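Enquirer:
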Amino acid sequence: MRSILQNVNLRIPISLLACALLTSVSFGGPGGPGHDHSGASLATEASFSPSNAPHSVPIETQLLAEIETVRATRETVPKALRVLGQTRVRPELEAIVTAPQEGRLISTDEYSVPGLGESVTKGQIIAIVEESIPAADLVIIATDRARAASDLREAEAGLSLAQREYDRIKGLAGVVTDKDVSDAQSSLEVAKAKRDGFSDQVSLLDAASTNGILAQKRRLIRAPIDGVIAQTHVTIGENVGREKPLFHIVDTSELLVEADVFENDVASVHSAKSASLTVEAFPGVAFPGRLVSRGTAVDERTRALHILFSVPNADHRLFAGMFGRVYIETGEEITGMSVPKSAVIDVEGQQTVYVKTGGEQFTAFPVQILERLSDRVVLAEGVLKEGDRVVVQGTYQVRMSKRVGN
Numbered sequence: 174m175r176s177i178l179q180n181v182n183l184r185i186p187i188s189l190l191a192c193a194l195l196t197s198v199s200f201g202g203p204g205g206p207g208h209d210h211s212g213a214s215l216a217t218e219a220s221f222s223p224s225n226a227p228h229s230v231p232i233e234t235q236l237l238a239e240i241e242t243v244r245a246t247r248e249t250v251p252k253a254l255r256v257l258g259q260t261r262v263r264p265e266l267e268a269i270v271t272a273p274q275e276g277r278l279i280s281t282d283e284y285s286v287p288g289l290g291e292s293v294t295k296g297q298i299i300a301i302v303e304e305s306i307p308a309a310d311l312v313i314i315a316t317d318r319a320r321a322a323s324d325l326r327e328a329e330a331g332l333s334l335a336q337r338e339y340d341r342i343k344g345l346a347g348v349v350t351d352k353d354v355s356d357a358q359s360s361l362e363v364a365k366a367k368r369d370g371f372s373d374q375v376s377l378l379d380a381a382s383t384n385g386i387l388a389q390k391r392r393l394i395r396a397p398i399d400g401v402i403a404q405t406h407v408t409i410g411e412n413v414g415r416e417k418p419l420f421h422i423v424d425t426s427e428l429l430v431e432a433d434v435f436e437n438d439v440a441s442v443h444s445a446k447s448a449s450l451t452v453e454a455f456p457g458v459a460f461p462g463r464l465v466s467r468g469t470a471v472d473e474r475t476r477a478l479h480i481l482f483s484v485p486n487a488d489h490r491l492f493a494g495m496f497g498r499v500y501i502e503t504g505e506e507i508t509g510m511s512v513p514k515s516a517v518i519d520v521e522g523q524q525t526v527y528v529k530t531g532g533e534q535f536t537a538f539p540v541q542i543l544e545r546l547s548d549r550v551v552l553a554e555g556v557l558k559e560g561d562r563v564v565v566q567g568t569y570q571v572r573m574s575k576r577v578g579n
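The opening position of the sequence shown corresponds to residue 174 in our numbering, with each subsequent residue numbered one higher.
1. Is DSSP giving Ile409 helix, strand or coil here?
2. Based on Cα-Cα distance, which residue from Asp488, Arg463, Ala487, His489 lies nearest to Ile480?
3. Quick one: what's got a C-beta closer than 8 Å to Ser574's C-beta in the same chain, skipping five residues either side?
4. So, using beta-carbon positions, are Thr424 and Leu289 closer together than 7 Å?
5. Across the segment 534-549 and the segment 498-513, are there enough close Cβ pairs to call them in contact, namely three or more that are closer than 8 Å?
6. How far does the beta strand (DSSP E) with Tyr500 in it reach, from first residue to last?
7. So, helix, strand or coil for Val551, using DSSP?
8. Give the single residue among Ser323, Phe420, Val564, Ser426 whose Cα lies nearest to the Cα of Ala493.
9. Considering only DSSP beta bridges, list what Phe538 is partnered with.
10. Between which two residues does the alpha helix (DSSP H) holding Val571 run?
11. So, using beta-carbon positions, are Arg498 and Arg255 closer together than 7 Å?
12. Give the secondary structure of Leu345 by DSSP, where H, G and I count as helix, E and B as strand, and everything else as coil.
13. DSSP puts Leu428 in a beta bridge; with which residues?
14. In whole angstroms, give me the CA-to-CA distance for Pro145 and Gly410.
15. Under DSSP, the alpha helix (DSSP H) around Ile232 begins and ends at which residues?
16. Which same chain residues end up closer than 7 Å to Phe371 when comparing Cβ atoms and leaving out the 5 residues on each side of it in sequence?
17. Check this for me: beta carbons of Glu303 and Gln274, under 7 Å apart or not?
18. Would you say the segment 414-421 touches the segment 456-472, given that touching needs at least three Cβ pairs under 8 Å?
19. Report the three-state DSSP secondary structure of Gly400 (helix, strand or coil).
20. For Leu361, which three-state DSSP category applies?
21. Quick one: grab the DSSP three-state call for His208.
22. Whole angstroms are fine: how far does the CA of Lys529 sit from the CA of Val551?
23. Would you call the segment 357-368 and the segment 333-345 touching, i.e. three or more CB-CB distances under 8 Å?
24. Taking just the CA atoms, how far does Ala440 sit from Ser483?
25. What's the C-alpha gap between Tyr527 and Gly457?
26. Give the secondary structure of Thr294 by DSSP, where H, G and I count as helix, E and B as strand, and everything else as coil.
27. Which residue from Met495, Ser449, Ser466 puts its Cα closest to that of Val502?
28. Between Gly504, His406, Val465, Thr475, which has its C-alpha nearest Pro485's C-alpha?
29. Taking only the alpha-carbon atoms, compute the straight-line gap between Asp317 and Asp373 and give it to the nearest angstrom.
30. What's the call for Ile402, buried or exposed, on a 16-neighbour Cβ count within 10 Å?
31. Tell me the rounded alpha-carbon separation between Arg368 and Leu332.
32. In three-state DSSP terms, what is Phe371?
33. Between Glu431 and Gly258, how many whole angstroms is the CB-CB distance? I'm expecting something under 8 Å.
34. Report the option in Ala253, Ile313, Thr271, Gly414 whose CA atom is closest to the CA atom of Pro461.
35. Name, in chain order, the residues that DSSP records as bridge partners for Lys390.
36. Excluding sequence positions up to five away, which residues of its chain have a Cβ less than 8 Å from the Cβ of Ile279?
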């Protein structure tokens with residue numbers, strides 16, 4: 174114990190050193206994932222060369238630096254092609270709402286105007302437009318009414334003449350024939366029908382425009398889909414036309430992911446049916462997707478094929494326009510040693526992992542990455558064995574420590 178204390182910085186509490194010594198004996202069991210300082214189940218059978226001589230890291234340093242290790246496992250995973258992708262709204266799940274007719278936006282007790290970011294349901298009243306007849310139509314209505322009023326006066330005069338003639342013929346009963354009476358009665362009925370027709374026409378035109386005042390009626394505007402108000406351009410009292418958008422409604426419960434597969438990789442995704450998406454906003458999270466459409470032509474400019482995947486987004490963590498990596502499953506499988514992404518580092522251009530080969534020894538091994546997943550990588554077999562402890566935290570401290578024999 175004294176020899177150990179002489180080599181340790183005196184600022185380290187004695188209790189911590191005692192704990193460290195006990196830990197070096199007891200941490201080797203399978204029940205302690207993450208930290209391992211025992212050297213049990215370690216890659217001790219590897220042949221070392223001077224270039225990969227093990228690093229010596231005392232137990233005390235391992236504790237202070239919080240060096241963590243994780244066991245490598247053999248895993249079979251779907252082979253995937255990794256490409257860039259972008260999320261966007263499904264066309265059938267977004268809508269631009271406009272006014273059906275020129276008019277003025279009004280407020281009533283029947284509804285409240287939904288605000289930006291507010292959820293709406295299909296059929297919900299989102300605006301009310303008090304429609305008005307355009308000035309050009311009013312001129313036409315006024316002209317038609319004047320013509321109908323003139324025709325009505327003429328029809329009333331004709332009805333008056335027909336009535337007098339019928340009364341005269343009827344008073345000559347017994348002198349005139351029955352046919353004369355019948356003809357007079359028919360002429361009277363025709364005159365009445367003509368007068369009633371023009372009267373109805375004038376009434377309809379009066380209903381549309383009374384003394385030049387705009388006739389108004391309310392038109393309810395309802396949400397065409399379930400979704401969220403992404404944009405709104407509604408001001409109560411504003412006059413709007415058919416060309417002005419009032420609301421932009423989107424439903425992001427399911428998004429599309431557009432991925433570009435370069436021409437030389439097209440054959441590898443010929444049988445693809447599913448994929449997963451990762452974005453920087455949610456590291457370590459993979460959003461599963463299913464194939465919706467495989468393009469029919471390679472883009473002449475980018476020489477890439479557009480592929481669309483549908484990604485469920487019930488929790489609305491994804492937003493339209495986000496960039497990410499798309500892992501397209503090719504239908505093949507790869508078997509290798511699976512380790513967390515943080516276990517692999519670049520050492521002088523070579524992908525490398527540090528394996529715990531003794532209680533206080535760590536050895537660097539060059540590896541080949543076969544597949545990259547959202548939170549881990551699959552390495553080629555032959556270097557690591559299942560159960561080997563690879564460093565996932567504190568790699569820098571291990572790398573900078575002294576080598577055995579130096």
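Positions of the beta carbon are idealized from the N, C-alpha and C atoms, including for glycine. Note that the structure is a prediction, hence the values are computed from the model and not measured.
Expert: Taking the structure as given:
1. The residue given as residue 409 occupies position 236 in the sequence shown. In the displayed model, Ile409 falls within coil according to three-state DSSP, outside both helix and strand.
2. Translated into positions along the sequence shown, residue 480 becomes position 307. With distances taken between Cα atoms, Ile480 lies closest to Arg463.
3. For the purposes of this step, residue 574 is taken as the residue at position 401 of the sequence shown. If we look at Ser574 and ignore the five residues flanking it on each side, its Cβ neighbours are His228, Ser229, Val230, Thr234, Phe535.
4. Along the sequence shown, one-based indexing puts residue 424 at 251. Along the sequence shown, one-based indexing puts residue 289 at 116. The sequence shown places Asp at residue 424, rather than the Thr named in the question. Cβ distance not < 7 Å, so Asp424 and Leu289 don't count as in contact.
5. With a cut-off of 8 Å, the segment 498-513 and the segment 534-549 count as touching, because enough Cβ pairs lie within range.
6. Position 327 of the sequence shown, counted from the first residue, corresponds to residue 500. For Tyr500, the enclosing beta strand (DSSP E) covers residues 496-513.
7. What you label residue 551 is simply residue 378 of the sequence shown in a count that begins at 1. Under the three-state reduction of DSSP, Val551 is assigned to strand.
8. In the sequence shown, residue 493 corresponds to position 320, counting from 1. If we check each option's Cα against that of Ala493, Ser426 comes out closest.
9. The residue given as residue 538 occupies position 365 in the sequence shown. Paired residue(s): Val526.
10. By 1-based counting over the sequence shown, the position of residue 571 is 398. From DSSP, the alpha helix (DSSP H) with Val571 extends over 568-573.
11. Here residue 498 is taken as the residue at index 325 of the sequence shown, counted from 1. Here residue 255 is taken as the residue at index 82 of the sequence shown, counted from 1. Contact annotation: Arg498 and Arg255 have beta-carbon atoms nearer than 7 Å.
12. In the sequence shown, the residue the question calls residue 345 occupies position 172. Reduced to three states, the DSSP call for Leu345 is coil.
13. For the purposes of this step, residue 428 is taken as the residue at position 255 of the sequence shown. Beta-bridge partners assigned by DSSP to Leu428: Val262, Val484.
14. Missing from the structure shown is residue 145; the chain here goes from 174 to 579 and no further.
15. Start at 1 with the first residue of the sequence shown, and residue 232 comes out as number 59. Element bounds for Ile232: 232-237.
16. In the sequence shown, residue 371 corresponds to position 198, counting from 1. Cβ within range, chain order: Ala321, Asp324, Leu325, Ala328.
17. The residue given as residue 303 occupies position 130 in the sequence shown. The residue given as residue 274 occupies position 101 in the sequence shown. Taking 7 Å as the cut-off, the beta carbon of Glu303 is found no closer than this to the beta carbon of Gln274.
18. The segment 414-421, when compared against the segment 456-472, does not touch it at the 8 Å Cβ threshold.
19. Along the sequence shown, read from residue 1 onward, the residue named residue 400 stands at position 227. Strand, per DSSP.
20. On the sequence shown, residue 361 is found 188 positions in, with the first residue counted as 1. In the three-state reduction of the DSSP assignment, Leu361 falls in the helix class, which pools H, G and I.
21. The count along the sequence shown starts at 1 and reaches residue 208 at position 35. Low confidence applies to His208: its pLDDT is 46, below 50, so where it sits in the model is not reliable, and the reading given next is rough at best. DSSP, read as helix, strand or coil, puts His208 in coil.
22. The count along the sequence shown starts at 1 and reaches residue 551 at position 378. The count along the sequence shown starts at 1 and reaches residue 529 at position 356. Taking the straight line from one Cα to the other gives about 19 Å.
23. Contact annotation: the segment 357-368 touches the segment 333-345, with at least three C-beta pairs closer than 8 Å.
24. Here residue 483 refers to the residue found at position 310 of the sequence shown. Here residue 440 refers to the residue found at position 267 of the sequence shown. One Cα belongs to Ser483, the other to Ala440, and the distance between them is close to 21 Å.
25. Along the sequence shown, one-based indexing puts residue 527 at 354. Along the sequence shown, one-based indexing puts residue 457 at 284. Answer to the nearest angstrom: the Cα atoms are 22 Å apart.
26. Sequence index remark: in the sequence shown, residue 294 carries index 121 (1-based). In the structure shown, Thr294 sits in coil (DSSP, three-state: anything other than H, G, I, E or B).
27. Your numbering for residue 502 matches position 329 in the sequence shown. Reading off the sequence shown, one finds Glu at residue 502, where the question assumed Val. When only C-alpha atoms are compared, the closest one is Ser449.
28. In the sequence shown, residue 485 corresponds to position 312, counting from 1. The shortest Cα separation from Pro485 among Gly504, His406, Val465, Thr475 belongs to Val465.
29. Here residue 317 refers to the residue found at position 144 of the sequence shown. Here residue 373 refers to the residue found at position 200 of the sequence shown. One C-alpha to the other measures close to 13 Å.
30. Start at 1 with the first residue of the sequence shown, and residue 402 comes out as number 229. Buried.
31. Position 195 of the sequence shown, counted from the start, is the residue given in the question as residue 368. Position 159 of the sequence shown, counted from the start, is the residue given in the question as residue 332. Rounded to the nearest angstrom, the two C-alpha atoms are 7 Å apart.
32. As a first step, residue 371 must be located in the sequence shown, where it is residue number 198. Here Phe371 sits in helix by DSSP.
33. In the sequence shown, residue 431 corresponds to position 258, counting from 1. In the sequence shown, residue 258 corresponds to position 85, counting from 1. Indeed, because the Cβ distance is near 6 Å, the residues count as touching under 8 Å.
34. Numbered from 1 along the sequence shown, position 288 holds the residue referred to as residue 461. Residue Ala253 is the option with its Cα nearest to Pro461.
35. Taking the sequence shown and counting its residues from 1, the one referred to as residue 390 is at position 217. Secondary-structure assignment with DSSP links Lys390 through a beta bridge to Glu304.
36. Translated into the one-based positions of the sequence shown, residue 279 becomes position 106. Exclusion of the five residues before and after Ile279 leaves Ile301, Val302, Glu303, Arg391, Ile409, Gly410 as the residues of its chain whose Cβ lies within less than 8 Å of its Cβ.
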